[in-house]
Every structure is written in C-alpha cells, then in structure tokens.
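Numbering-wise, numbering that gives the first Met the number 0 puts 329 at position 330 of the sequence shown, and it's gapless, one number per residue.
Where a beta carbon is used, it is the ideal one built from N, C-alpha and C, also for glycine.
All values derive from a computational prediction rather than experimental measurement.
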Amino acid sequence: MTPPVRRPRRPRRPLTAGDLAAVPPHVRPLVAAQLTRRGVLRGAGVLGVGGLLAACGTGSGTEGTSTAGTLTPAQDRSDTEKVVNWANWTLYLDQSEDGQSYPTLEAFTEQTGIEVTYSEDIDGNDSYYGKIQGQLANGQDIGQDIVTFTDWMAARMIRQGYTQELDEANVPNKKNILPNLADVDFDPGRRHSLTWQSGFAGLAWNTEKVPEMRSVEDLWRPELRGRVEVLDEMRDTMGLIMMSQGVDISGDWGEDEFAAALAVLEEQIASGQIRQVRGNSYKEDLISEDALAVIGWSGDITQINFENGDKWAFALPESGGTLWSDNLLVPIGSPHKKNAETLMNYYYDPEVAAQVAAWVNYISPVQGAREAMEAIDPELVDDPLIFPTDEYLQNVQVFRSLEPAEEQQFNADFQAVIGN
Numbered sequence: 000m001t002p003p004v005r006r007p008r009r010p011r012r013p014l015t016a017g018d019l020a021a022v023p024p025h026v027r028p029l030v031a032a033q034l035t036r037r038g039v040l041r042g043a044g045v046l047g048v049g050g051l052l053a054a055c056g057t058g059s060g061t062e063g064t065s066t067a068g069t070l071t072p073a074q075d076r077s078d079t080e081k082v083v084n085w086a087n088w089t090l091y092l093d094q095s096e097d098g099q100s101y102p103t104l105e106a107f108t109e110q111t112g113i114e115v116t117y118s119e120d121i122d123g124n125d126s127y128y129g130k131i132q133g134q135l136a137n138g139q140d141i142g143q144d145i146v147t148f149t150d151w152m153a154a155r156m157i158r159q160g161y162t163q164e165l166d167e168a169n170v171p172n173k174k175n176i177l178p179n180l181a182d183v184d185f186d187p188g189r190r191h192s193l194t195w196q197s198g199f200a201g202l203a204w205n206t207e208k209v210p211e212m213r214s215v216e217d218l219w220r221p222e223l224r225g226r227v228e229v230l231d232e233m234r235d236t237m238g239l240i241m242m243s244q245g246v247d248i249s250g251d252w253g254e255d256e257f258a259a260a261l262a263v264l265e266e267q268i269a270s271g272q273i274r275q276v277r278g279n280s281y282k283e284d285l286i287s288e289d290a291l292a293v294i295g296w297s298g299d300i301t302q303i304n305f306e307n308g309d310k311w312a313f314a315l316p317e318s319g320g321t322l323w324s325d326n327l328l329v330p331i332g333s334p335h336k337k338n339a340e341t342l343m344n345y346y347y348d349p350e351v352a353a354q355v356a357a358w359v360n361y362i363s364p365v366q367g368a369r370e371a372m373e374a375i376d377p378e379l380v381d382d383p384l385i386f387p388t389d390e391y392l393q394n395v396q397v398f399r400s401l402e403p404a405e406e407q408q409f410n411a412d413f414q415a416v417i418g419n
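Here it is in structure tokens:
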C-alpha cells in the first residue's frame with residue numbers, strides 16, 4: 000500500500016540574505032512570499048512521470064464567427080488592450096499570506112504591463128463547459144482568454160474547434176515542457192494547449208474521526224453513512240471504483256466493466272452512504288466535517304491541511320489511484336490571444352513553475368522546475384506529489400481515452416446516477 004501523505008506542521012528556518020542571493024533576481028520576491036506562506040509544508044523520477052502523463056493525452060464584431068461550420072478566431076486586440084482573463088480551479092495558484100493576491104501574477108504584470116483578471120470559476124469540467132458551450136458554439140467571447148480543462152475536456156474543446164492555435168513565437172518556453180507531454184494524442188505537437196499541472200485522485204479522510212483508509216471499500220463502512228463524498232469527475236470516481244474491482248482502466252475494458260462499477264456507485268448513493276457527489280467544493284465539506292471521507296485530489300488535501308489544522312490524510316488506495324493533467328487553452332472568441340500566450344510562456348519559466356508547484360503541491364509539467372525547487376524549498380524536491388518517483392507511480396493508472404460515442408454514453412449514465 001502507498002503510505003498516507005501528510006505534512007508535519009513545523010516551522011522553517013528564517014530566510015537569509017544568503018538564500019536570496021542564490022535565487023535569480025526576478026524571482027526573489029516570489030521566493031520570499033513562498034517561504035512565508037508555505038514554509039511549514041513538507042513532504043524523483045521525472046522520466047517516470049513523463050511516461051505516465053503522456054497517456055493522459057489520451058458578441059461584438061471582434062468575436063469569432065462561424066463560416067460554413069468552421070469557427071473563425073476573434074481579432075486579437077492584445078497590442079492595444081494589455082489585459083488577460085484566466086479561469087482556473089480553486090487552490091490552483093500561489094497566494095499571498097493574506098490570501099488576497101497572487102505573487103506570481105503580480106510579478107507577471109510588473110514584468111509585462113499586462114493586467115490579469117484571475118477567477119476561480121471552475122468547479123468541474125462538465126459544469127463549467129455547460130455554462131460556456133453555447134457561446135463557444137457561436138464563436139463568441141466568453142469573457143475568458145485562458146480556460147483550464149482536464150485532458151478529456153481539452154480534447155473535446157479542440158475537436159469541436161473551440162480553441163485557437165497557439166503562436167509558438169510567443170511561447171518560446173514551450174520547449175521546457177516534459178518530453179512525454181509535448182506530443183499527446185488529443186493535441187499533436189501541442190498546437191492548442193499546454194499542460195498546467197498534473198495530479199492524483201485517491202482517498203482522503205479526517206484522521207481525528209476516521210481510522211486509516213486502505214481501499215475504496217473502506218468508504219462504505221457503516222459508521223461513515225452520510226459522511227462520504229465522491230467527485231463528479233467521472234474518470235476519477237469511476238476509475239477508482241473500477242480499479243477496486245480489478246479493472247485496468249488504462250487498458251481494454253468496455254460497457255460491462257463500467258456498468259459493474261456504476262452499480263456500486265448507484266447503490267451507495269441510494270443507500271445514503273454517499274452524502275453528495277461534488278466538484279472542487281468537496282473541500283468545504285471536509286473542513287466543516289459534513290464529510291469525513293472522500294475521493295479527492297492530492298494537492299487539495301495539502302492545501303486544506305495548511306489552512307485548517309493538518310487533520311486530513313491522503314493516500315492512493317491499494318488497488319490504485321488515477322493520474323490526470325489539466326491544460327491551458329485559449330477559447331475561440333478570446334480577443335487577447337497574444338497576452339494569453341505571454342502568460343503561458345511566463346509560467347513555463349522553471350523558477351516560476353517551481354514557485355507554483357511549491358504552493359499547489361501538484362506535479363509540475365516544466366523541465367527544470369525540480370532543480371529550481373532546490374532554491375525555493377529543498378525539502379519539496381523529494382515530495383512524491385510534486386516530483387513522484389517511479390515506485391510511487393506504480394500504483395496509479397490513467398483512464399484510457401474514450402471514443403466520442405463512449406464518452407457520450409458513459410458520461411450520460413454517470414450523470415443519471417449522480418442526479419445531474
């Protein structure tokens with residue numbers, strides 16, 4: 000079994016002038032903020048993670064318009080409008096000590112003059128896509144220049160023509176992407192997307208209320224009735240249940256295997272064992288103790304431990320956890336593509352990527368981030384949630400790519416069971 004990953008809450012030694020002298024000048028303010036904010040968090044085979052991550056591949060007159068069924072990208076106003084709007088998931092970017100600002104974004108604006116409106120609008124892939132799909136289909140500006148979607152939804156966006164092709168001249172740091180992420184099946188050559196972060200889905204529980212959890216079946220303990228939550232991300236919740244039934248979710252499986260896992264989920268919802276099926280907001284229920292045990296995401300648990308008393312554990316089940324990636328995309332109607340590309344390029348600087356990884360505790364997709372972490376927080380260099388070893392990765396699988404018809408059927412069946 001993979002041991003639970005927990006963070007001891009112990010003080011870090013003060014940052015010294017010598018420490019800052021060893022850090023590149025343009026990231027010194029970020030390092031200082033990082034050590035203040037995250038210094039109590041503690042926990043590598045990049046080649047190993049690269050191999051697994053590759054399998055994840057599986058308005059106005061300036062808005063994009065439709066011509067013979069093909070959407071035309073919006074006219075780019077980046078040269079005259081120094082703004083960029085970015086929609087992301089919660090707890091997915093470094094924050095200041097008071098939680099009111101984002102140090103790397105502030106540094107980006109200082110360097111480039113581009114103002115960033117950053118919103119934590121994405122609670123789930125399906126729910127957010129549902130809000131914007133109508134505008135995307137008409138080539139309209141959705142009010143965001145960057146959206147952050149998981150591989151399978153990124154694949155759908157690209158397949159439907161809802162994204163703009165990136166200009167590599169504006170993203171020279173694209174060369175820093177991990178080799179096995181550079182050419183994925185849903186976006187060959189990364190013409191439309193760049194990986195933001197990757198991570199794991201597994202078990203999380205309140206250690207003050209719940210004994211150690213080793214398997215998905217532990218979620219169905221009678222004493223946890225009504226205090227369990229699972230993710231509305233079908234590939235993670237169904238992936239963990241299917242693995243608990245002995246299915247290789249990265250391999251050859253079909254309707255029968257999916258239906259068997261769905262029957263378990265339906266039973267646990269109908270019996271009241273599962274309190275709710277949630278998106279990113281499951282964290283709030285852990286904090287309030289409305290939920291005591293969940294299927295959750297690795298970095299989230301690190302975050303709430305830091306903010307709320309270090310009383311939750313995260314572990315991959317004995318039968319395995321899932322591995323996924325999220326991606327940055329420019330919607331078809333965005334009028335600030337060049338500004339968006341400039342922001343993407345900035346976050347593919349290894350020092351900046353390490354700063355983000357040290358705060359969010361997810362897997363960085365940027366070559367050189369592990370080396371840069373030595374200057375920011377050396378103890379995180381060996382953290383398996385950021386730089387997982389080959390041994391750790393032996394207990395995770397990537398949910399295989401689905402054909403469009405499969406995706407439609409399986410997603411409809413899952414949504415019907417969870418009540419959406």
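Buried or exposed by the 16-neighbour rule on C-beta atoms within 10 Å, applied to residue i
{"i": "Thr69", "result": "exposed"}
{"i": "Arg190", "result": "exposed"}
{"i": "Ala181", "result": "buried"}
{"i": "Arg158", "result": "exposed"}
{"i": "Gly253", "result": "exposed"}
{"i": "Glu350", "result": "buried"}
{"i": "Asp348", "result": "buried"}
{"i": "Ser95", "result": "exposed"}
{"i": "Pro403", "result": "exposed"}
{"i": "Ala270", "result": "Note on identity: in this sequence residue 270 is Ser, with Ala being the wrong assignment. Flag for Ser270 reads exposed."}
{"i": "Gln302", "result": "buried"}
{"i": "Gln163", "result": "buried"}
{"i": "Gln134", "result": "buried"}
Alpha carbon of residue i to alpha carbon of residue j, nearest angstrom
{"i": "Pro377", "j": "Pro383", "result": "13 Å"}
{"i": "Trp88", "j": "Met152", "result": "14 Å"}
{"i": "Arg234", "j": "Glu406", "result": "10 Å"}
{"i": "Gln396", "j": "Gly320", "result": "6 Å"}
{"i": "Asn84", "j": "Pro221", "result": "46 Å"}
{"i": "Ala258", "j": "Val276", "result": "18 Å"}
{"i": "Lys310", "j": "Lys208", "result": "9 Å"}
{"i": "Ser100", "j": "Glu373", "result": "25 Å"}
{"i": "Val416", "j": "Ala290", "result": "20 Å"}
{"i": "Gly278", "j": "Gln414", "result": "13 Å"}
{"i": "Tyr161", "j": "Gln143", "result": "13 Å"}
{"i": "Ile248", "j": "Leu392", "result": "15 Å"}
{"i": "Thr388", "j": "Gly418", "result": "38 Å"}
{"i": "Asp412", "j": "Ile268", "result": "14 Å"}
{"i": "Gly250", "j": "Thr149", "result": "20 Å"}
{"i": "Phe409", "j": "Asp325", "result": "21 Å"}
Minimum C-alpha distance to residue i - residue among the options
{"i": "Gln272", "options": "Leu223, Leu202 and Leu90", "result": "Leu223"}
{"i": "Pro178", "options": "Gly418, Glu266, Ala371 and Val365", "result": "Val365"}
{"i": "Ser126", "options": "Asp231, Lys173 and Arg226", "result": "Asp231"}
{"i": "Glu119", "options": "Met372, Ser280, Gln139 and Ile248", "result": "Ser280"}
{"i": "Ser77", "options": "Ala352, Arg369, Thr341 and Val355", "result": "Thr341"}
{"i": "Asp97", "options": "Gly367, Tyr91 and Glu306", "result": "Glu306"}
{"i": "Ala86", "options": "Tyr128, Glu109, Asp150 and Asn344", "result": "Tyr128"}
{"i": "Ile176", "options": "Glu105, Ser192 and Glu80", "result": "Ser192"}
{"i": "Asp370", "options": "Ser318, Phe386, Phe398 and Gly188", "result": "The question names Asp, but residue 370 in the sequence shown is Glu. Per the Cα distances, Phe386."}
{"i": "Gly225", "options": "Ala292, Gly138 and Ala353", "result": "Ala292"}
{"i": "Tyr394", "options": "Ser324, Thr103, Val146 and Leu239", "result": "The amino acid occupying residue 394 in the given sequence is Asn; Tyr does not appear at that position. Closest option to Asn394, Cα to Cα, is Leu239."}
{"i": "Ala314", "options": "Val359, Asn205 and Arg399", "result": "Asn205"}
{"i": "Val82", "options": "Thr71, Asn137, Ile145 and Glu211", "result": "Ile145"}
Helix, strand or coil at residue i according to DSSP, with G and I counted as helix
{"i": "Trp151", "result": "helix"}
{"i": "Trp252", "result": "coil"}
{"i": "Leu328", "result": "strand"}
{"i": "Phe413", "result": "helix"}
{"i": "Ala43", "result": "In this predicted model, Ala43 has a pLDDT of only 35, less than 50, meaning its place in the structure is not dependable enough to derive any value."}
{"i": "Asp284", "result": "helix"}
{"i": "Ser197", "result": "strand"}
{"i": "Gly278", "result": "coil"}
{"i": "Met156", "result": "helix"}
{"i": "Gly38", "result": "For Gly38, the predicted model reports a pLDDT of 37, less than 50, meaning its position is unreliable and no value from the coordinates is stated."}
{"i": "Glu164", "result": "coil"}
{"i": "Ile141", "result": "coil"}
{"i": "Glu232", "result": "coil"}
{"i": "Ile113", "result": "coil"}
{"i": "Ala320", "result": "Ala is not the amino acid found at residue 320; the sequence shown has Gly there. It is a strand residue."}
{"i": "Val355", "result": "helix"}
{"i": "Gly295", "result": "strand"}
{"i": "Asp389", "result": "helix"}
{"i": "Gln396", "result": "strand"}
{"i": "Leu342", "result": "helix"}
{"i": "Thr206", "result": "coil"}
Proximity test, residue i beta-carbon vs the ligand ZN heavy atom, cut-off 7 Å
{"i": "Lys174", "result": "With respect to the ligand ZN, the structure shown offers nothing to examine, as it has no ligands at all."}
Neighbour flag for residue i against chain B, beta carbons, 8 Å
{"i": "Trp88", "result": "In the structure shown, chain B does not exist; there is a single protein chain."}
* Asked: So does the stretch 190-202 actually touch the stretch 105-114, counting three or more Cβ pairs closer than 8 Å?
  -> no
* Give a yes or no on contact between the stretch 211-222 and the stretch 237-245, applying the rule of three or more CB pairs nearer than 8 Å. => yes
* Counting pairs of Cβ atoms below 8 Å between the stretch 253-266 and the stretch 277-285, do you hit three or more? -> no
* Three or more C-beta pairs below 8 Å linking the stretch 163-170 and the stretch 329-338 -> The stretch 163-170, when compared against the stretch 329-338, does touch it at the 8 Å Cβ threshold.
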